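First comes the structure, then the notes that go with it.
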Amino acid sequence: MPSASNIQPAGEHIALADARRKFHRVLATWAIDLFELRARGLDRPSARRGRQDKAIAPSLQDWAARKAA
0 MPSASNIQPA GEHIALADAR RKFHRVLATW AIDLFELRAR GLDRPSARRG
50 RQDKAIAPSL QDWAARKAA
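Numbering that gives the first Met the number 0 numbers the first residue of the sequence shown as 0 and each following residue consecutively.
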């Protein structure tokens with residue numbers, strides 16, 4: 000007897016059922032990644048330092064000085 004997760008609703012195309020299964024599998028891993036990013040405080044856009052501790056964007060003072068020049 001097939002498992003309950005493999006049973007298709009009446010009239011659902013095989014390709015649609017396959018796409019739905021793949022979507023739910025990806026969604027679960029995406030959600031885990033999002034929770035990990037939230038726990039680290041990295042779920043919002045912000046200026047961050049790179050691996051070598053170099054600024055990836057100019058500081059606000061440098062940016063203001065360049066704009067004024």
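Yeah, the Cβ is synthetic: ideal placement off N, Cα and C, and Gly gets one too.
Everything numeric in this text was worked out from a predicted model, so none of it was measured.
- Short of 6 Å from the beta carbon of A38, and not among the five residues preceding or following it, lies no beta carbon of its own chain.
- When the Cα atoms are used, L59 and D42 turn out to be separated by approximately 22 Å.
- Between the alpha carbons of G40 and D32 lies a distance of about 12 Å.
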